[in-house]
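Asks: Residue numbers (the numbering used here): 4 to 653.
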Amino acid sequence: MKQKILIVEDEFIVANDLRIMLEKAGYKVCGIAPSVVKALELIATKEPDWILLDIFLQGDKTGIDLAGQLTEMGIPFIYISANTNQGILEAAKATLPYGFLVKPFREKDLMVMLDIARYRHEQNLKYNHHTEPPIHKQIEHIAEKQVSISERLKQISAALYPVVPFDFLWITKSNPRSTTKDINIIRSFDGKFNMLNNENLLKEVNVSSRDFKAWNTTALVHSGKSIFNGYDFRKLRMESPWVQRLSDHYALESALVTEIERDGEQFQFVFFNHLSDLYTKVHSGVINQFKKSLELVLDQVIYGKDITLEIPAPTSPTLEKPIIERENPEIPKDFNGIIGNSTLLHAAFKKLELVAPDDTSVLILGESGTGKEKIAQTIHKLSPRKNKPLVTVNCAALPLTLIESELFGHEKGSFTGANEKRIGKFEQADGGSIFLDEIGELPLEAQVKLLRVLQEKEIERLGGNYTKKINVRIITATNRNLEKEVSEGRFRLDLYYRLNVFPIELPALRQRKEDISALVAFFISKYGRKGSSGVTGISAEALQELQEYDWPGNIRELEHLVERTMLLTEGETITKIDLPHSASATGFTGEDHFKIKTMEEMEREHILNILKMCKGKIFGPGGAAEILNIPSTTLNSKIKKLGIKFEFVK
Numbered sequence: 004m005k006q007k008i009l010i011v012e013d014e015f016i017v018a019n020d021l022r023i024m025l026e027k028a029g030y031k032v033c034g035i036a037p038s039v040v041k042a043l044e045l046i047a048t049k050e051p052d053w054i055l056l057d058i059f060l061q062g063d064k065t066g067i068d069l070a071g072q073l074t075e076m077g078i079p080f081i082y083i084s085a086n087t088n089q090g091i092l093e094a095a096k097a098t099l100p101y102g103f104l105v106k107p108f109r110e111k112d113l114m115v116m117l118d119i120a121r122y123r124h125e126q127n128l129k130y131n132h133h134t135e136p137p138i139h140k141q142i143e144h145i146a147e148k149q150v151s152i153s154e155r156l157k158q159i160s161a162a163l164y165p166v167v168p169f170d171f172l173w174i175t176k177s178n179p180r181s182t183t184k185d186i187n188i189i190r191s192f193d194g195k196f197n198m199l200n201n202e203n204l205l206k207e208v209n210v211s212s213r214d215f216k217a218w219n220t221t222a223l224v225h226s227g228k229s230i231f232n233g234y235d236f237r238k239l240r241m242e243s244p245w246v247q248r249l250s251d252h253y254a255l256e257s258a259l260v261t262e263i264e265r266d267g268e269q270f271q272f273v274f275f276n277h278l279s280d281l282y283t284k285v286h287s288g289v290i291n292q293f294k295k296s297l298e299l300v301l302d303q304v305i306y307g308k309d310i311t312l313e314i315p316a317p318t319s320p321t322l323e324k325p326i327i328e329r330e331n332p333e334i335p336k337d338f339n340g341i342i343g344n345s346t347l348l349h350a351a352f353k354k355l356e357l358v359a360p361d362d363t364s365v366l367i368l369g370e371s372g373t374g375k376e377k378i379a380q381t382i383h384k385l386s387p388r389k390n391k392p393l394v395t396v397n398c399a400a401l402p403l404t405l406i407e408s409e410l411f412g413h414e415k416g417s418f419t420g421a422n423e424k425r426i427g428k429f430e431q432a433d434g435g436s437i438f439l440d441e442i443g444e445l446p447l448e449a450q451v452k453l454l455r456v457l458q459e460k461e462i463e464r465l466g467g468n469y470t471k472k473i474n475v476r477i478i479t480a481t482n483r484n485l486e487k488e489v490s491e492g493r494f495r496l497d498l499y500y501r502l503n504v505f506p507i508e509l510p511a512l513r514q515r516k517e518d519i520s521a522l523v524a525f526f527i528s529k530y531g532r533k534g535s536s537g538v539t540g541i542s543a544e545a546l547q548e549l550q551e552y553d554w555p556g557n558i559r560e561l562e563h564l565v566e567r568t569m570l571l572t573e574g575e576t577i578t579k580i581d582l583p584h585s586a587s588a589t590g591f592t593g594e595d596h597f598k599i600k601t602m603e604e605m606e607r608e609h610i611l612n613i614l615k616m617c618k619g620k621i622f623g624p625g626g627a628a629e630i631l632n633i634p635s636t637t638l639n640s641k642i643k644k645l646g647i648k649f650e651f652v653k
């Protein structure tokens, strides 16, 4: 039976071209809708199997708005859009589409995308993990943490920022009016979020309490409007002295307003940004989808109990005694020694348990040091292939000239120096699993051959004249943003969607700090048995230092720090931790601990800073090209080469 596809696209020529391509390939196009309203009518009457969805449509609603409803209906969809604005792409990604095609595209690209999307949808139905956007789960997890309100709001801000970018967030009770519990969250230049209470904020922006009270007798009057760019934002400034003072002090140029009702009371979330014309109806649509998350923030984080109760009490000197002192810390059963009880980690465990018994390709995503190789080993250990080999390949360490030989083998005499036949890694893993770590480092030529292995289940040795069938389960991992690699032409789109059938995202250590005590106990026990150190525990004060650190190197960094500290500690208890600090002489701060930037990264950051300073102006007096003292054509070329997104250069 032909699959029915609904095209939701407001440009008839584009929609008609899509219809011709799809019908030629054997699909049945059950309609073309230029708006969300029309799309919903056709969905009700035609019951499509798939939807091809543009983002910007006729009417007030966007494809992002429709995507949330499609997820609830269980209808799979693929975005087809000409817009590559990073903020909009992040917002689209949060709705969990089965694919994203950027116009213009080839007919072949569309067919490959649909083929892979169908397969991914079948797998998602099988594993039933495509039901809720991860940001909802992340916010729910953060809201329930037993940490201060301030810390939870910082983490929630970091989760929201990719889909709703903001430089200042004002949360206030609007009806009945009350400013006593206003929440003010500021994003600093280094990307970190900080909270200011009203008293400190008034000092910073130089406003008296009397003026503040006079200016805030009523809520922000927005007349049902949610987006304030350009003229609308200037008008908002004129009508609200408080917004005017905030925007003057923090150089704010646009705003996005949403209201949440809880128990008969009205609350406002006002997002501000440095960039003018940033917010679109896409962002308002995203906020509408996350209203339940914002309700949770109000209920459990902000107004659930008195904020003053969240101020941590001073550490008592009596807590200097060891609080960790055990030889055999609790290890989650059947997870190959992976330590942790956090919600985010157990969500990854659940996915792991579901996919391990199958032969589905798995893509493990996570920062360096989060334990991706350990997860790959666990998948193999829990699979029916556990008695066969698991072959690990670090793609970043393969010499460019020998990649094909290493992966697929070679025949004797196939190239200079090939004095004997070599069995490649895939052949060695026949019947078992192969783990391709740092898959994002694989060059395009090798990606083509890997795609063939995935599709045809066969390899061909270098210099050989025949193919060999193999039975290998492929597990891959990367700390790169593969979507960005695809958009910049360094990673094949078809290979990305083949590998991304079942992604498992590993949380960074800073996202699961509740696991630090168990991890420290494990490492103390591990290195206590191996070495001559007499350390058996750690003090509460030292553990608190570890809890407050952001861990850019994740678990690997924690392990090395514990091992080093044990060697330097006299006695049985670690009482002092020598945590790394940023060196101001190098100009590294915040998240840049230990990260030495490449020339390309430094150039990109410098151009971004100049563009922000110039409000995105490139040409003419006061433009970025003039300040950088280079021709505007050269600057445009660099912007394109460095992947600087449209929002900074319009």
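For glycine and all other residues, C-beta sits at the position ideal for the given N, C-alpha and C.
How long is the line joining the alpha carbons of Glu323 and Thr578, rounded to whole angstroms?
Replies: At Glu323, the pLDDT of 43 sits below 50, so the modelled position is not reliable; the number obtained from the coordinates is stated separately. Whole-angstrom Cα-Cα distance: 8 Å.
Asks: Can you tell me whether Met569 is buried or exposed, with buried defined as 16 or more other CB within 10 angstroms of its CB?
Replies: Label assigned to Met569: buried.
Asks: Could you tell me whether the segment 352–360 touches the segment 522–529, where touching means 3 or more Cβ pairs closer than 8 Å?
Replies: No: fewer than three Cβ pairs fall under 8 Å.
Asks: Below 8 Å on the Cβ atoms is my contact criterion, and I expect Glu423 with Thr481 to pass it. Report the Cβ-Cβ distance as a whole number of Å.
Replies: Not really, about 33 Å apart at Cβ, beyond 8 Å.
Asks: Is the distance from the Cβ of Gly227 to the Cβ of Ile67 below 8 Å?
Replies: Contact: no.
Asks: By DSSP's criteria, Ala480 is part of a beta bridge. Which residues make up the other side?
Replies: According to DSSP, Ala480 bridges with Ile367.
Asks: In its own chain, which residues sit with a C-beta less than 8 Å from the C-beta of His139, not counting the 5 before and 5 after it?
Replies: For His139, where only same-chain residues beyond five positions count, the Cβ hits under 8 Å are Phe293, Lys295 and Ser296.
Asks: In the DSSP assignment, the beta strand (DSSP E) including Tyr82 goes from what residue to what residue?
Replies: Residues Phe80 to Ser84.
Asks: Answer with buried or exposed for Gly340, where buried requires no fewer than 16 other C-beta atoms within 10 angstroms of its C-beta.
Replies: Result: exposed.
Asks: Within 10 Å of its beta-carbon, does Ile152 have 16 or more other beta-carbons around it, so buried, or fewer, so exposed?
Replies: Buried: at least 16 other Cβ atoms inside 10 Å.
Asks: May I have the straight-line CA-CA distance separating Ala18 from Ile406, to the nearest angstrom?
Replies: Roughly 43 Å between the two C-alpha positions.
Asks: Would you mind giving the Cβ-Cβ distance between Lys208 and Leu249, rounded to the nearest angstrom? I have them listed as a contact below 8 Å.
Replies: The sequence shown places Val at residue 208, rather than the Lys named in the question. Contact flag correct, Cβ pair sits at about 7 Å.
Asks: Which whole-angstrom value describes the C-beta separation of Asn187 and Leu204, a residue pair presumed to lie in contact below a C-beta threshold of 8 Å?
Replies: Their Cβ separation, rounded to whole angstroms, is 5 Å, which keeps Asn187 and Leu204 in contact under 8 Å.
Asks: With Phe505 as the anchor, note down where its alpha helix (DSSP H) starts and where it stops.
Replies: Element bounds for Phe505: not the alpha helix (DSSP H) but the beta strand (DSSP E), Phe505 to Glu508.
Asks: Can you name the residues that DSSP bridges to Thr175?
Replies: Beta-bridge pairing links Thr175 to Gln271.
Asks: Leaving out five residues on either side along the sequence, give the residues of the same chain with a beta carbon under 6 Å from the beta carbon of Gly467.
Replies: Contacts found: Glu414.
Asks: Please classify Ala160: does DSSP put it in a helix, a strand, or coil?
Replies: The amino acid at residue 160 is misidentified as Ala; the sequence shows Ser. Helix, per DSSP.
Asks: Please report the distance separating the alpha-carbon of Lys643 from that of Pro165.
Replies: Approximately 21 Å, taken between the alpha carbons.
Asks: Looking at C-alpha atoms only, which residue of Glu26, Gly102, Glu517 and Ser364 is the closest neighbour of Val489?
Replies: Closest by alpha carbon: Gly102.
Asks: When you compare the CB positions of Asp170 and Asn344, do they come within less than 8 Å of one another, or not?
Replies: No, they are not a contact pair.
Asks: Expressed to the nearest angstrom, what Euclidean distance is found between the alpha-carbon atoms of His133 and Asp362?
Replies: In this predicted model, His133 has a pLDDT of only 46, less than 50, meaning its place in the structure is not dependable; the value taken from the coordinates is given anyway. Distance between the alpha carbons of His133 and Asp362: 19 Å.
Asks: Could you check how far apart the C-beta atoms of Ile478 and Phe438 are, in whole angstroms? I think they sit under 8 Å.
Replies: That belief holds up - the Cβ atoms of Ile478 and Phe438 are roughly 5 Å apart, short of 8 Å.
Asks: Hey, could you find the ends of the alpha helix (DSSP H) Ile58 is sitting in?
Replies: Where Ile58 is concerned, there is no enclosing alpha helix (DSSP H), given that its DSSP letter is neither H nor E.
Asks: Could you please give the first and the last residue of the uninterrupted beta strand (DSSP E) stretch that includes Gly34?
Replies: Gly34 -> beta strand (DSSP E) spans Lys31 to Ala36.
Asks: Got a sec? Which residues, its chain only, sit under 8 Å from Ser574 by beta carbon, not counting five neighbours each side?
Replies: Strictly speaking, residue 574 in this sequence is Gly, with Ser absent from that position. Correct list, in chain order: Gly537 and Val538.
Asks: CB-CB under 8 Å to Gly626, same chain, minus the five flanking residues each way: which ones, in chain order?
Replies: Within the same chain, Gly626 has close Cβ partners Cys617, Lys620 and Ser635.
Asks: Between the Cα of Leu522 and those of Ile541, Ile507 and Glu508, spot the shortest distance and give me the residue it belongs to.
Replies: The option with the nearest alpha carbon to Leu522 is Ile541.
Asks: Does the pairing of the segment 75–85 with the segment 50–60 give three or more beta-carbon distances under 8 Å?
Replies: The segment 75–85 vs the segment 50–60: in contact.
Asks: Can the beta-carbon of Lys471 be found closer than 8 Å to that of Glu461?
Replies: Result yes, Cβ atoms of Lys471 and Glu461 sit closer than 8 Å.
Asks: Can you name, in chain order, every residue of its own chain whose Cβ lies under 7 Å from the Cβ of Thr65, other than the five neighbours on each side?
Replies: The answer, listed in chain order, is Ile58, Phe59, Lys284, Val285 and Gly288.
Asks: With DSSP collapsed to three states, give me the class of Val538.
Replies: Of the three classes helix, strand and coil, the one that applies to Val538 here is coil, per DSSP.
Asks: Beta carbon of Asn557, beta carbon of Glu370: below 8 Å?
Replies: Going by C-beta atoms, Asn557 is nearer than 8 Å to Glu370.
Asks: Flag Cys33 as yes if its beta-carbon sits less than 8 Å from any beta-carbon of chain B, otherwise no.
Replies: The structure shown contains no chain B; it holds only a single protein chain.
Asks: In the structure shown, what three-state DSSP assignment does His225 receive?
Replies: Three-state result, His225: coil.
Asks: Looking at the secondary structure, which residues open and close the alpha helix (DSSP H) in which Thr637 lies?
Replies: Ser635 to Lys644 is the extent of the alpha helix (DSSP H) around Thr637.
Asks: Kindly indicate the opening and closing residues of the beta strand (DSSP E) around Arg190.
Replies: Element bounds for Arg190: Arg180 to Arg190.
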